[in-house]
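So the sequence shown is residues 1 to 926, counted in UniProt numbering.
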Amino acid sequence: MEGFSKPEPHLLLPYCVYRGHRVWWVHLCSSLSVFLGGLLLLLLLRSCHFGLNTVGTVLPEWTWKRQGKAMLTNVSLSSALKEWAVKVISAQHLSGQILMVICFCFNTGSFILYLLQTPEPVEYCIEKHGIASLIDLIFNIIHLLHFGLRFLAAQDLLQFWVETKTLVDFITIPPSFIMLFTRRAWIGLRFIRALNILELPLILQILGILKSNTSLKLSRLIGIIVGTLLTSAGLIHLFESSGDPWLDFRNKAPLSYFNCIYFLVVTMSSVGYGDVNMNTVLGRLYVTVFIAIGLGLFATFVPEVVEIVINRERFGGRYKDEGRLHVVVCGHITLASVSAFMREFLHEDRGDVNIRVIFLGNFCPDQELEAFFNRWFMHVAFFQGSVLKQKDQERVMLNKASACLILCDRTTTDPHNEDVTNLMRVISIKQYCPNTRVIVQMLKHNSKAYLQNVSNWEWSLGDDVICLSELKLGFMAQSCLVPGISTLLSNLFSMEGSVEKEDHSWRKLYKEGMYMEIYTEYLSSTFTGLSFAEACKLCFLKLQMILIGIEYQSGEEEFCVLVNPPSHIKIKHKTLGFLIASDAADARRASFYCCICHSDIDDISRMKPCKCVDVSISSSSLLSIRQPSLGVLPCLEQEDGEYVSEPLESEEVMLDSTGMFHWCNPISLEDVSLTRERASVLPLWQHVVVCLFGDEKSNLLGLGDFMMPLRASSLTTPELKTVVFLGDPNYFRREWPNIQYFPNIYFLPGSPLCTADLRAVRVETCAMCVVLSTFSNPNHLESSMQDKETILSCVNLFHTRFTREPTRPQGLHGRRSSYGFPGPRLLEASPPPPKKGTTVPLLVELVNTSNVQFVSDVEELKSCPGMTLTQAFAVGSVFSMDLLDSLMAATYFNANVSNLINTLVTGGDTPALEAQLAEDNHLREG
């Protein structure tokens, strides 16, 4: 008949049941009828169930009770079947895992059979069922059984009916049974079994092949890309090999399955060679849709897959023992933190540091950080992983590392969570590597007390914690007692380069002191029997260094750090000394100096170890036992070989239970709160004004760390400076429970930006005005805005003028303290206050060190490469937590540094104090 094509020859064979007719629609209708019929049946059952529940509410009681007994047996049986089916197919049980692997293999086998049949026509007659047909039938029977198990285990049948795996079964299982009756094969939509590859990540995880998140992510991406290609290629193969139905399949242009995949890859990669074309309308329509989807997949997933593969090779290996020491650094690893750490760790003043630094982070470094690691490839290596996993600890050989250093995020908005995260890292390290030395950074003082409860944490092995908030506030508090000491200590504990000889300004002399550092060495036998003053004189005149303290052993095992001890304490054999020197080589001369062999040498560079002095002990290889430090308590009397403090005069002094701080009974905040009128009549002179920026939602600064050095027991009562806080009452009320035990504290509700409040607290007569802020936002677009409140406070104070009315403070008497330190001796009339606010002693904290430009001379900044060389920092007017970055490296190379810092800055924290703060976070009466 004209207008219709002749039947294909393979459909006219004698053994064809429906000779000359296509029956592809029978296979397709079988799948649709099963799906739609089942869907309608489920909807009908759900409607009936809902109707029966509604009717049950109005039936007589005896009716639904009798029916309920009959239904109870059926319900219990269906529940038992459902529970059994869930147990069989659940991946949480071994049987379910085995079944998932078996079904995945059968799905793969079905797809392989489809690939073997693609060279045949899309629809062809079967004379006799061969082995391939029987195998395919067996596979589909197994798929049907698995479908039944999933049907029984389904919690929601409607949701189960439209799942991807269920739809795949509907499309592939019914046509295989239709083939038995029609003896007509139609490969049609059997390619849909390729979607089974999406389950490959789960199967590999069950088999234990994939364990890391990166591997799982990589396998998912590959599964999506490959599954999309295989199913799309099967659909194009069907369209092109069959032709358009409305044209009676006359425009078919058979393509092999491989050519279909080739065409899609070329199209998806936007290359488009043009050697393969679509001839059918259906094929062209699908390709039009596929281009939009495929290009998105290619542009998104392929680069991500390539990046993961490359990074796995670069950062996923294992560290190989190179025959030298190595340290592992983990925690908050960024370009800023890594740069600061390596600058201090490999400083030239430390000599030749032959130590490999291994950074372990659970992320892929960005381009800037990767470029930094490439520049330092001789000393640095990066491995992707987590210190919380034993596998990653083994990859970096953490059990053989000389130490593990844990960095914290100083700019976090949740310091408690950051400390808890680092505590988890410490617990993990000590669980798998109990003998590895750990040095961890913490933000809050109360967080470090929990380390005492970590198993295998040993101070004697060199385990240490650096509490940044405690040290920052401690540095600033000490500057209130000794202006500029924060700058002095910061310079001593950090490494700097050599002095520029052509510089003839004040900065040259400042740099000479700035480039000195603190070192520890065991003093030679020449120092044995000398007093501390005599030893200092010897070090200064002969060795050109300064001895500031010693480690003193009062008993058999108890050690303490003494700064400037009294003359009755004599230096013992092999006493550890704390020295200020230009580099480690100069400091080491104190360990081998001999008064016999070196007394006539004027050039200290010519000093070499002699046979008279035993230099076999090196301070860098020995760690002192961490015990309570007596700090700078003056020791003036001696009883039975022990040192005791001279009692105060007749005045009564209350100390806390540890004996380290002045203490008073808790006072309510209302009793110490001031008004402007009340504050103006207080005899405030040489006091400390603390300007606070914070509100009820701000993170707490931990003002207890600020008050502890100001209320140290080494200070006499007249030396205790009155502290006046100025800020938001909602914020200060949250801080008050931690400082209510310290005497001589007042609070003025107000704003540091209000000139009237500054006048009320008599800031013009204070010993130091400290500005602290909790409003810093690390995510701000402009980094300078992190210190906007602090800068505004400084500008406001600089432009404030004060009257010249003389003030006579009352209630304070000039005297000399019992410890021999000069007390606040007052004249008959105090000198007039400064005229301008620029002369008020000021100490501010800067989050961003570049903001020093707003509190320093602009012209000066042009010749200064950083904050440490500005006049504002040199005189002790600014401080930043960035200056504490050097303490991690300093503590690693010298385990005694933390003891000295605690003695000089915080007054020396003791295990008793840490245990007490860990228990209730309060000081107790002594």
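Glycine included, every Cβ here is placed at the ideal spot set by N, Cα and C.
Q.
My assumption, with CB atoms under 8 Å, is that Phe315 sits in contact with Phe383. Please give the rounded CB distance.
A. In this structure Phe315 is in contact with Phe383, their Cβ atoms being roughly 6 Å apart against a cut-off of 8 Å.
Q. Residue range of the alpha helix (DSSP H) that Pro709 falls in?
A. Per DSSP, Pro709 belongs to the alpha helix (DSSP H) from Leu703 to Leu710.
Q. Secondary structure at Leu44, three-state DSSP: helix, strand or coil?
A. Helix.
Q. What are the complete beta strand (DSSP E) segments, minimum 3 residues, inside the stretch 444–516?
A. Here the runs fully enclosed are 464–467.
Q.
Please classify Leu726 as buried or exposed, where buried requires at least 16 neighbouring CB atoms within 10 angstroms.
A. Leu726 is classed as buried because its beta carbon has at least 16 other beta carbons within 10 Å across all chains shown.
Q. Quick one: what's got a C-beta closer than 6 Å to Val58's C-beta in the same chain, skipping five residues either side?
A. Caution applies to Val58, whose pLDDT of 48 falls short of 50 and renders its modelled position unreliable; the value that the coordinates give is listed next. Excluding sequence positions up to five before and after Val58, its CB lies less than 6 Å from no other CB in the same chain.
Q) By the 10 Å Cβ neighbour count, where 16 or more other Cβ atoms means buried, how is Phe527 classified, buried or exposed? A) Counting every other CB atom within 10 Å of its CB across the protein chains shown gives Phe527 a total of 16 or more, marking it as buried.
Q | Secondary structure of His598, DSSP reduced to three states | A | DSSP places His598 outside both helix and strand once states are collapsed to three, so it counts as coil.
(Q) At the level of alpha carbons, what is the spacing between Asn196 and Phe301? (A) It is roughly 19 Å from the alpha-carbon of Asn196 to the alpha-carbon of Phe301.
Q) Does DSSP classify Glu326 as helix, strand or coil? A) Going by the sequence as given, residue 326 is His instead of Glu. DSSP places His326 in strand when its eight states are reduced to three.
Q. What does DSSP give as the partner residues of Pro365 in its beta bridges?
A. Note: Pro365 is not bridge-paired with any residue in the DSSP secondary-structure output.
Q. Can you tell me whether Trp246 is buried or exposed, with buried defined as 16 or more other CB within 10 angstroms of its CB?
A. Answer is exposed; the Cβ neighbour count stays below 16.
Q. Just to check, is the beta-carbon of Pro729 closer than 6 Å to a non-hydrogen atom of the ligand ADP?
A. With respect to the ligand ADP, the structure offers nothing, as it holds no ligand at all.
Q) Mapping DSSP to helix, strand and coil, what is Ser817? A) Reliability fails at Ser817, whose pLDDT of 33 lies under 50, so the model's placement of it is uncertain and no value is given.
Q: For Lys611, count neighbouring C-beta atoms within 10 Å of its own C-beta (all shown protein chains included) and say buried if the count is 16 or more, exposed if not.
A: With fewer than 16 Cβ atoms within 10 Å of its Cβ, Lys611 is classed as exposed.
**Q.** Cβ distance (whole Å) where Gly283 is taken to contact Phe239 below 8 Å
**A.** Confirmed, about 4 Å.
**Q.** Under 7 Å between C-beta atoms of Asn213 and Ala253
**A.** No, the pair does not count as a contact, with Cβ atoms beyond the cut-off.
Q | Span separating the alpha-carbon of Asn354 from that of Leu398 | A | So the two alpha carbons sit approximately 18 Å from each other.
Q. Does the pairing of the stretch 653–664 with the stretch 721–736 give three or more beta-carbon distances under 8 Å?
A. Taking a cut-off of 8 Å on C-beta distances, the stretch 653–664 does not touch the stretch 721–736, as fewer than three cross pairs fall below it.
(Q) Please report the straight-line C-alpha distance between Ser402 and Val327, rounded to a whole angstrom. (A) Whole-angstrom Cα-Cα distance: 6 Å.
**Q.** Spatial distance of Trp506 from Glu512 (CA atoms)
**A.** Between Trp506 and Glu512, the C-alpha separation is close to 10 Å.
Q. Which residues mark the beginning and the end of the alpha helix (DSSP H) in which Arg410 is found?
A. Premise fails: Arg410 is in no alpha helix (DSSP H) and is neither H nor E.
Q: Could you pull the start and end residues of the beta strand (DSSP E) that Arg184 belongs to?
A: Element bounds for Arg184: Arg184 to Trp186.
Q. Hey, which unbroken runs of the alpha helix (DSSP H) at 4 residues or more fall wholly within the stretch 669–705?
A. Counting whole runs of 4 or more residues, the stretch 669–705 contains the alpha helix (DSSP H) stretches 669–672 and 676–680.
Q. Got a sec? Which residues, its chain only, sit under 6 Å from Gln117 by beta carbon, not counting five neighbours each side?
A. Excluding positions up to five away in sequence, the list reads Ile187.
Q: Leaving out five residues on either side along the sequence, give the residues of the same chain with a beta carbon under 6 Å from the beta carbon of Asp409.
A: Result list for Asp409: His332 and Glu418, in chain order.
Q. Of the residues Val723, Gly694 and Gly704, which one's Cα is nearest the Cα of Phe775?
A. The shortest Cα separation from Phe775 among Val723, Gly694 and Gly704 belongs to Gly694.
Q | Asp366 to Arg375 span [Cα, whole Å] | A | A straight-line Cα-Cα distance of about 14 Å links Asp366 and Arg375.
Q: Return the bridge partner residues of Pro749 from the DSSP annotation.
A: Partner residues in the beta bridge of Pro749, as assigned by DSSP, are Gly727.
(Q) On the CB-based measure, 16 or more other CB atoms within 10 Å of its CB, does Arg606 come out buried or exposed? (A) The C-beta of Arg606 has fewer than 16 other C-beta atoms within 10 Å across all chains shown, which makes the residue exposed.
Q. Pairing CB atoms from the stretch 168–183 with CB atoms from the stretch 139–147, are three or more of them under 8 Å?
A. They touch, by the three-pair rule.
Q | C-beta atoms of Val305 and Leu235 nearer than 7 Å | A | Not closer than 7 Å, so no.
Q: Compute the Euclidean distance between the alpha carbons of Ala91 and Ser110, then round it to the nearest angstrom.
A: Approximately 23 Å, taken between the alpha carbons.
**Q.** Rounded separation between Ala767 and Gly462 - CA only
**A.** Cα to Cα, the separation comes out at about 39 Å.
Q. How far does the alpha helix (DSSP H) with Glu120 in it reach, from first residue to last?
A. Run containing Glu120: none; DSSP gives neither H nor E here.
Q) In the DSSP assignment, what residue or residues form a beta bridge with Ser531? A) Lys570, per the DSSP bridge assignment.
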